[in-house]
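Novice: First, the structure itself, so that you have it in front of you.
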Amino acid sequence: DVYKIGGIGTVPVGRVETGVLKPGTVVTFAPAGLTTEVKSVEMHHEALTEAVPGDNVGFNVKNVSVKELRRGYVAGDSKNNPPKGAADFNAQ
Numbered sequence: 001d002v003y004k005i006g007g008i009g010t011v012p013v014g015r016v017e018t019g020v021l022k023p024g025t026v027v028t029f030a031p032a033g034l035t036t037e038v039k040s041v042e043m044h045h046e047a048l049t050e051a052v053p054g055d056n057v058g059f060n061v062k063n064v065s066v067k068e069l070r071r072g073y074v075a076g077d078s079k080n081n082p083p084k085g086a087a088d089f090n091a092q
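Below you can see the structure in the form of structure tokens.
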């Protein structure tokens with residue numbers, strides 16, 4: 001989900017599946033293709049220096065409005081194999 005929090009800004013919320021999420025990381029949201037910087041990461045209203053797989057976190061992003069992000073978007077490191085939408089796939 002995505003929330004707008006007064007005095008903070010846009011806060012996407014979700015689970016870290018792989019890798020780590022740290023403040024200062026530049027992330028890309030797929031399938032929108034938006035790229036932005038993570039300003040802060042929180043879990044249960046406590047600031048984190050990094051989030052690890054399994055953590056349910058909220059993270060503050062720079063210069064992105066709530067209307068630009070939607071539930072289900074995937075965020076990933078823009079420098080290291082950024083996420084992309086699939087053109088097609090074959091179900092098994």
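Numbering (the UniProt record's numbering), first residue to last: 1 to 92.
Beta carbons are placed, not taken as given, at the ideal position from N, Cα and C, and that holds for glycine.
Assuming GLY24 and GLU37 are in contact, meaning their beta carbons sit under 8 angstroms apart, how far apart are those beta carbons, in whole angstroms?
Specialist: Reading the sequence shown from its first residue, position 24 is the one you call residue 24. Reading the sequence shown from its first residue, position 37 is the one you call residue 37. The distance from the Cβ of GLY24 to that of GLU37 is about 7 angstroms, consistent with a contact at the 8 angstroms cut-off.
Novice: When burial is assigned at 16 or more other CB atoms within 10 Å of the CB, is PRO53 buried or exposed?
Specialist: Numbered from its first residue, the sequence shown carries residue 53 at position 53. So PRO53 ends up on the exposed side.
Novice: Give me the residue from VAL20, THR10, ARG71 and PRO83 with the minimum Cα distance to VAL64.
Specialist: Against the sequence shown, residue 64 aligns to sequence position 64. Closest option to VAL64, Cα to Cα, is THR10.
Novice: Please classify THR28 as buried or exposed, where buried requires at least 16 other C-beta atoms within 10 Å of its C-beta.
Specialist: As a working mapping, residue 28 is identified with position 28 in the sequence shown. The residue in question, THR28, is buried, as its Cβ has 16 or more Cβ neighbours within 10 Å.
Novice: One question on the structure: do ASN56 and ARG15 come within less than 8 angstroms of each other, judged by their Cβ atoms?
Specialist: For the purposes of this step, residue 56 is taken as residue 56 along the sequence shown, with counting starting at 1. For the purposes of this step, residue 15 is taken as residue 15 along the sequence shown, with counting starting at 1. Yes; because the gap between Cβ atoms is below 8 angstroms, this pair is in contact.
Novice: CB-CB under 7 angstroms to VAL20, same chain, minus the five flanking residues each way: which ones, in chain order?
Specialist: Counting from one through the sequence shown, the residue named residue 20 turns up at place 20. Excluding sequence neighbours, VAL20 sits near GLU50, ALA51 and VAL52.
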